[in-house]
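Q: Dumping the structure here so I can ask a few things about it.
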Amino acid sequence: MLTNAPRGTKDILPEQIHQWLWLENKIRELCALYGYEEIRTPIFEHTELFQRGIGEGTDVVDKEMYTFTDRGNRSITLRPENTASAVRAYLQNKLYANSKLVKLFYIGSMFRYDRPQAGRLREFHQFGVEALGEKNPAVDAEIILLAWELLHGLGLDDLKLKINTVGCPACRPIYRKKLKEYFSANIDDLCDDCKRRLDKNPMRILDCKTDAAKEIMEDAPNIESCLCDDCREHFNSVKKFLTASGIDYTVDSRLVRGLDYYTKTAFEIQYAPLGAQSAVAGGGRYDGLISEIGGDDTPAVGFAAGLERILLALELQKLIPETNKKITAFIVVGGADAESYAFKLMTDLRRQKISAAMDFGKKSMKAQMKQAAKSGAKFALIIGDDEVNNSTVTVKNMETSAQEVISLTEVPDRILL
RNA sequence: GCGGCUCUGGUGAAGUGGUUAACACGUCGGAUUGUGGCUCCGAUAUGCGUGGGUUCGAUUCCCACGAGUCGCCCCA
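Going from the first sequence to my numbering is simple: count from 1 and add 8.
Quick look at the structure:
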């Protein structure tokens, strides 16, 4: 249907735009505070970037990408997330040449072909942050802090910060093997989905939410026992930094990220009232991604947050401020001769940064007054033949109903008071 | 991709197998002479998501599709 936007997309209407701008401003302020600079990457990239970056076998790559062939026969994909693009831009533009640590953030549309529901759209908006080039766990903590402070600073209550470590190429395979052995032994208790996951990604089984699965999880091997010294130390440091900055977190050894590139630190901030879409922000370290894409071995950390979800949460708690869209002056015209006089007045006011409007529908003065009242204007400037002949304007204060006739030149000063 | 529920005007909605589809809000207009917010009056769905079917007749019954929503999956 011509008058319907595609499934899973949404118009952001004039009555909603102020909350988006407001949120985006908060984000930009906070990022400036933390020393992150904005980057805007293309909305589409070569499909291969995401296949390599996010990883084949992940749901995002296997069944959620908007992929098409362009007229030059290239395979193009609408970005399902922004980390791979940011890394690509980092490498292509040699941002590493400026400093060892490069701190970036982005705000923009992402695309995932998924079944829409509240808080989950096919075109949605993410804010995200990437710190490239530093392996110090303090950066992990800084990233987590930034995400936390944003959401918390917005006024959201009952946020939950969960952290975990998912190991690195040195120790994760050992853990995976252990898990596989354990779950294979208990295969009868696994749900169908998990049986499938056993080979592909046994760590995801930990995330299973079916009741039957809960018992087996209790005794499942913990990654703690498999961690290499480096990963263990790293995780301890992250926790130390977080504790030092006084934010509450829980270690959830079942927290697993769905994208292949994560190493070591993984975290998620949840807002439970959002139901199935409670994950408002999530991210972690991805030391392997940059080399995977073709750069030198470079450590990095980042996270992304869903703006729709944040807005939904803010709405639930009524934390979005109203904006004042009222105008200062509404010009009411009586008689055709007055129209150009009024039009010029309106233009002059606007040139002096005084918001002004008038009716273009040639309505009765009564109707125009109604409109003036509805517009919330502080003043109605009434112009008829008398005013035109004497170079005056009748100024009516809409709140007090007091009105007086003043000369045209006095108008700006009068209504600025 | 899977399952449940829902789908009446700009909005919230009532309603029925059969003449003009309540009510409220909103919007627009009017209540004489150049003026609002209150009040009063009037106008606002040839149409009940779309397409089929059943029926003498369907907005009301059935089917398909679509969209929304909730859950699963996944993720932000």
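C-beta atoms are modelled at their ideal positions from N, C-alpha and C, and glycine is treated no differently.
State the start and end residues of the unbroken alpha helix (DSSP H) segment that holds E412.
A: For the purposes of this step, residue 412 is taken as residue 404 along the first sequence, with counting starting at 1. No alpha helix (DSSP H) contains E412, which is instead part of the beta strand (DSSP E) from Q411 to S415.
Q: With a Cβ-Cβ cutoff of 8 Å, do A149 and L250 count as a contact?
A: Taking the first residue of the first sequence as position 1, residue 149 is located at position 141. Taking the first residue of the first sequence as position 1, residue 250 is located at position 242. Going by beta carbons, A149 and L250 fall inside the 8 Å limit.
Q: Are the Cβ atoms of V288 and R317 separated by less than 8 Å?
A: Here residue 288 refers to the residue found at position 280 when the first sequence is read from its first residue. Here residue 317 refers to the residue found at position 309 when the first sequence is read from its first residue. Yes.
Q: Smallest Cα separation from F243: which of D165, K143 and E223?
A: For the purposes of this step, residue 243 is taken as the residue at position 235 of the first sequence. For the residues D165, K143 and E223, the minimum Cα distance to F243 belongs to K143.
Q: Please report the Cβ distance between W156 and I255, rounded to the nearest whole angstrom; I am assuming they are in contact, meaning their Cβ atoms lie under 8 Å.
A: The residue you call residue 156 lines up with position 148 of the first sequence. The residue you call residue 255 lines up with position 247 of the first sequence. Their Cβ separation, rounded to whole angstroms, is 6 Å, which keeps W156 and I255 in contact under 8 Å.
Q: So is N172 buried or exposed if we call it buried at 16+ other beta carbons inside 10 Å?
A: Taking the first residue of the first sequence as 1, we reach residue 172 at position 164. Counting Cβ neighbours within 10 Å, N172 comes out buried, since at least 16 surround it.
Q: Please report how far the alpha carbon of E37 lies from the alpha carbon of G161, in whole angstroms.
A: Counted from its first residue, the first sequence places residue 37 at position 29. Counted from its first residue, the first sequence places residue 161 at position 153. Each residue's Cα considered, the two are about 12 Å apart.
Q: Please say whether Q285 and G127 have beta carbons closer to each other than 8 Å?
A: Translated into the one-based positions of the first sequence, residue 127 becomes position 119. Translated into the one-based positions of the first sequence, residue 285 becomes position 277. Going by C-beta atoms, G127 is nearer than 8 Å to Q285.
Q: Looking only at C-alpha atoms, which of L206, A350 and T271 sits nearest to P145?
A: Translated into the one-based positions of the first sequence, residue 145 becomes position 137. Ranking L206, A350 and T271 by Cα distance to P145 puts T271 first.
Q: Could you pull out every residue in the same chain whose Cβ sits closer than 8 Å to the Cβ of P229, ignoring the five residues on either side in sequence?
A: Here residue 229 corresponds to residue number 221 of the first sequence, with the count starting at 1. Result list for P229: Y183, K186, L187 and Y190, in chain order.
Q: Report yes or no: do three or more beta-carbon pairs, one from the segment 97-108 and one from the segment 75-86, lie closer than 8 Å?
A: no
Q: Suppose you measure from the CA of R15 to the CA of K108; what does that come to, to the nearest Å?
A: The sequence position of residue 15 within the first sequence is 7, counting from 1. The sequence position of residue 108 within the first sequence is 100, counting from 1. Cα-Cα distance, rounded: 43 Å.
Q: Where does G116 sit, in a helix, a strand or coil, going by DSSP?
A: Reading the first sequence from its first residue, position 108 is the one you call residue 116. Correct three-state label for G116: strand.
Q: Assuming P88 and E64 form a contact by the criterion Cβ under 8 Å, report the distance between their Cβ atoms to the nearest whole angstrom.
A: Counted from its first residue, the first sequence places residue 88 at position 80. Counted from its first residue, the first sequence places residue 64 at position 56. No, P88 and E64 are not in contact; Cβ-Cβ is about 13 Å, not under 8 Å.
Q: Is it true that the CB of V403 sits closer than 8 Å to the CB of E395?
A: Here residue 395 refers to the residue found at position 387 of the first sequence. Here residue 403 refers to the residue found at position 395 of the first sequence. No, these two residues do not count as a Cβ contact at 8 Å.
Q: Excluding sequence positions up to five away, which residues of its chain have a Cβ less than 8 Å from the Cβ of P124?
A: One-based indexing of the first sequence puts residue 124 at position 116. Same-chain partners within the cutoff: R15, G16 and R130.
Q: By a C-beta neighbour count over all protein chains shown, 10 Å radius and 16 as the cutoff for buried, is L169 buried or exposed?
A: Indexing the first sequence from 1 puts residue 169 at position 161. By the neighbour-count rule (16 or more Cβ atoms within 10 Å), L169 is buried.
Q: Assess contact between the segment 325-335 and the segment 384-395, defined as three or more Cβ pairs (one per stretch) separated by less than 8 Å. Is contact present?
A: yes
Q: According to DSSP, is F368 part of a helix, a strand, or is it coil?
A: Locating residue 368 in the first sequence gives position 360, where the first residue counts as 1. If DSSP states are grouped into helix, strand and coil, F368 belongs with coil.
Q: Kindly indicate which three-state DSSP category L198 falls into: helix, strand or coil?
A: Taking the first sequence and counting its residues from 1, the one referred to as residue 198 is at position 190. If DSSP states are grouped into helix, strand and coil, L198 belongs with coil.
Q: With C236 and A178 assumed to form a contact (beta carbons below 8 Å), what rounded beta-carbon distance in angstroms separates them?
A: As a working note, residue 236 is residue 228 in the first sequence. As a working note, residue 178 is residue 170 in the first sequence. About 5 Å separates the two Cβ atoms, so the contact holds.
Q: Need the endpoints of the beta strand (DSSP E) that I171 sits in, please.
A: Walking along the first sequence from the start, residue 171 turns up at place 163. Element bounds for I171: L167 to T173.
Q: Around the C-beta of D304, are 16 or more other C-beta atoms found within 10 angstroms, so that it is buried, or is it exposed?
A: Counting from 1 along the first sequence, the entry for residue 304 is found at position 296. Classification of D304: exposed, given that the 10 Å Cβ count is below 16.
Q: Do the CB positions of I84 and T55 come within less than 8 Å of each other?
A: As a working mapping, residue 84 is identified with position 76 in the first sequence. As a working mapping, residue 55 is identified with position 47 in the first sequence. Pairing I84 with T55 gives a Cβ-Cβ distance under 8 Å.
Q: Between the C-alpha atoms of S415 and I391, what's the straight-line distance to the nearest angstrom?
A: Indexing the first sequence from 1 puts residue 415 at position 407. Indexing the first sequence from 1 puts residue 391 at position 383. Rounded to whole angstroms, S415 to I391 spans 12 Å at the Cα level.
Q: For S348, name the three-state secondary structure that DSSP assigns.
A: Start at 1 with the first residue of the first sequence, and residue 348 comes out as number 340. Residue state, collapsed to three classes: helix.
Q: Under 8 Å, with one C-beta from each stretch per pair, do the segment 115-124 and the segment 88-99 reach the 3-pair mark?
A: yes
Q: Can you tell me whether Q360 is buried or exposed? The criterion is at least 16 other CB atoms within 10 Å of its CB, across all chains shown.
A: In the first sequence, the residue the question calls residue 360 occupies position 352. By the neighbour-count rule (16 or more Cβ atoms within 10 Å), Q360 is not buried but exposed.
Q: Look at the alpha carbon of S253 and the alpha carbon of M406, and state the distance between them as a whole number of angstroms.
A: Locating residue 253 in the first sequence gives position 245, counting from the first residue. Locating residue 406 in the first sequence gives position 398, counting from the first residue. Taking the straight line from one Cα to the other gives about 52 Å.
Q: Measuring CB to CB, does G141 end up less than 8 Å from A308?
A: Along the first sequence, one-based indexing puts residue 141 at 133. Along the first sequence, one-based indexing puts residue 308 at 300. Closer than 8 Å, so yes.
Q: In terms of residues, what are the limits of the beta strand (DSSP E) holding L140?
A: By 1-based counting over the first sequence, the position of residue 140 is 132. L140 -> beta strand (DSSP E) spans E131 to L140.
Q: Quick one: what does DSSP say I51 is sitting in, helix, strand or coil?
A: Position 43 of the first sequence holds residue 51. If DSSP states are grouped into helix, strand and coil, I51 belongs with coil.
Q: Return the CA-CA distance between I152 and L327, expressed in angstroms with no decimal places.
A: The sequence position of residue 152 within the first sequence is 144, counting from 1. The sequence position of residue 327 within the first sequence is 319, counting from 1. C-alpha separation (whole angstroms): 22 Å.
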